[in-house]
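The sequence shown begins at 125 in the numbering used here and counts up one residue at a time.
Every residue gets a Cβ at the ideal spot worked out from N, C-alpha and C, and that includes glycine.
In what follows, a structure is listed as structure tokens, so that the remarks can point back to it.
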Amino acid sequence: MKLSIGSTINMAPAPHGVWSAVFQLAADSDIELCPVIGWATVVTAHLKDDTVSTEVKPAFVWGDMVWTENELREHSPELKAFDIRSLSDRIPA
């Protein structure tokens, strides 16, 4: 099977409530905060000898679908910011 760049090969679950994807689709849009539900192995390069390079990327729920950052960038090329935050990044009340 020939894998294309951006393909998700597999995914492992993430602990509930520990990580969030934070992004802004456009300069004048609201900031989205979405729960990370898994860690996806994503193809980042396809070499001439048919091997691939991969990276582990967060998979998060936005709307009614699961997304990776690559998929979000394809869907919304105007994406202004993207970050992953853990609960420890939050400012205490």
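Asked, Found
"For E179, report the span of its beta strand (DSSP E) as first-last.", "176 to 186"
"Does DSSP classify E156 as helix, strand or coil?", "strand"
"Since H170 and I208 should fall inside the 8 Å C-beta cutoff, what is the C-beta to C-beta distance between them, to a whole number of angstroms?", "About 25 Å separates the two Cβ atoms, so there is no contact after all."
"Got a sec, what are the start and stop residues for the beta strand (DSSP E) V190 sits in?", "189 to 192"
"Taking 8 Å as the threshold (C-beta atoms), are E156 and V146 in contact?", "yes"
"What is the residue span of the beta strand (DSSP E) that S131 lies within?", "Careful: S131 lies outside any beta strand (DSSP E) and carries neither H nor E."
"Grab the span of the beta strand (DSSP E) containing A205 for me, first residue to last.", "205 to 210"
"With DSSP collapsed to three states, give me the class of H199.", "helix"
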